[in-house]
Each structure stands twice: as structure tokens, then as C-alpha cells.
Amino acid sequence: MNGMQFFIELLDKLIWPAVFIFSIITLQKPLTALIPLAKKLKFKDFEIEFGQELKAVSKKAEGAFPELEIDKKSVLIASVENLSSSSIIQAWAEVDSAAEGLIKAKIANVSFDSDTRYKDIEEILVTEDLIDTKKGKLFSELRQLRNKVAHAKGYEVGKVEAIQYIELCFVMVDHLNQLKLQS
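In terms of our numbering, the sequence shown is residues 12 to 194.
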């Protein structure tokens, strides 16, 4: 075996461990960011499951202490850090649900099966005097912002704006729910 063959053999044996070590060093930050999101980690016979025990204990605690029930608004605000667009869409879903509930409580035989569902809901809320025009305008603006987040390419919302949006959505939800209770 000459020197060149020895070098090639040595390189052949060392290249994969070197690539592995280089990959670990390069991907260290992204991997450490993903670990808290992992539900299960398994390597050969070693296995760890995250969250299941905590979920079981949390459910027991909610039964014993009703004040620990999950507050949707708080969860959405907490998720703004990593999922601002998703939080906005979920906050709008709460507004939509409250508006639909109010309309169904006040008006019989109403259907929301059209392609312009949100505009129809907004129109019914205003024309039937279920909400005043200022609140109707807020409903419309919240809907339009939700549509931008959901459909516009490259439309980014900052953390502060997302939190403000969620706050406004839940103010609207509370108002719509209060009106529903007044039936």
C-alpha cells in the first residue's frame, strides 16, 4: 500500500464521522430550538416522551381547580411569538363563532352557506341592528386583516400588532356574547 492509497482509505473512514460532527455543530441552534417542540425522542433503546404526564396532571388539576381552565385569549397571545398568523386566524374564528351564535339566537332560519359568508354575517349584524355601525366597521376591519394574513403572500404581522388584533377580537367576542345573552 503506497501513501496515496493509505490517505484515500483514511479519508474514506473519517469522512462520515466528520460530516456528522460538522452537521451537529452547524445545526446545533436549530436543533435546540426544535427539542422543546418534540413530543417523543427515541434513540435505540432510549426513549423519552414529553408532555403526556403533564397533560394528565393538568386535566386532573382543571377538575380540582376550575379557575385553571384554559383561557383561549391567553393561549393565543402566548402563541404569537412563534405563530402570529395562526393566532390571528384563530382569534378571528372566535369572532366568527360569536357572531354566528348571536345571529342564530336573534334571527330564525338564517343560512351561511355562501362564498361571501363573512360579508353576509357583517351585513346581517348591521342591517338587523344587532350591532351599531361602529362595531360593524370594526368587524369588517378585523375580517379584512384576517384575510390579508390568510391569503396575501408575504404579508407579515409583528408581535405587537398580532396581540392588539387578538385583544380587539376578544373585545368583539365579549360584546357579541353579551348581546346574545340579552335575547
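Note that the Cβ used here is the ideal one computed from N, Cα and C, for glycine as well.
In this text, all values refer to a predicted model and were calculated from it rather than measured experimentally.
Selected residue, minimal CA-CA separation from residue i, among the options
i	options	result
residue 168	178, 179, 156	156
residue 170	93, 14, 129	93
residue 105	25, 17, 182	182
residue 116	26, 43, 191	191
residue 193	154, 114, 27, 129	114
Coil, strand or helix - residue i by DSSP
i	result
residue 189	helix
residue 142	coil
residue 170	helix
residue 14	helix
residue 23	helix
residue 164	coil
Contact set for residue i: own chain, Cβ-Cβ below 8 Å, skip 5 residues either direction
i	result
residue 98	87, 88, 90, 91, 173, 177
residue 149	179, 183
Same chain, Cβ closer than 6 Å to residue i, neighbours up to 5 away in sequence not counted
i	result
residue 19	none
Cβ shell of residue i (< 7 Å), same chain only, five flanking positions each side left out
i	result
residue 188	109
residue 125	131
residue 35	none
residue 123	111, 131, 132
Meets three-Cβ-pair contact criterion under 8 Å: the segment 87 to 94 and the segment 150 to 164
Contact between the segment 87 to 94 and the segment 150 to 164 is absent, because fewer than three Cβ pairs lie under 8 Å.
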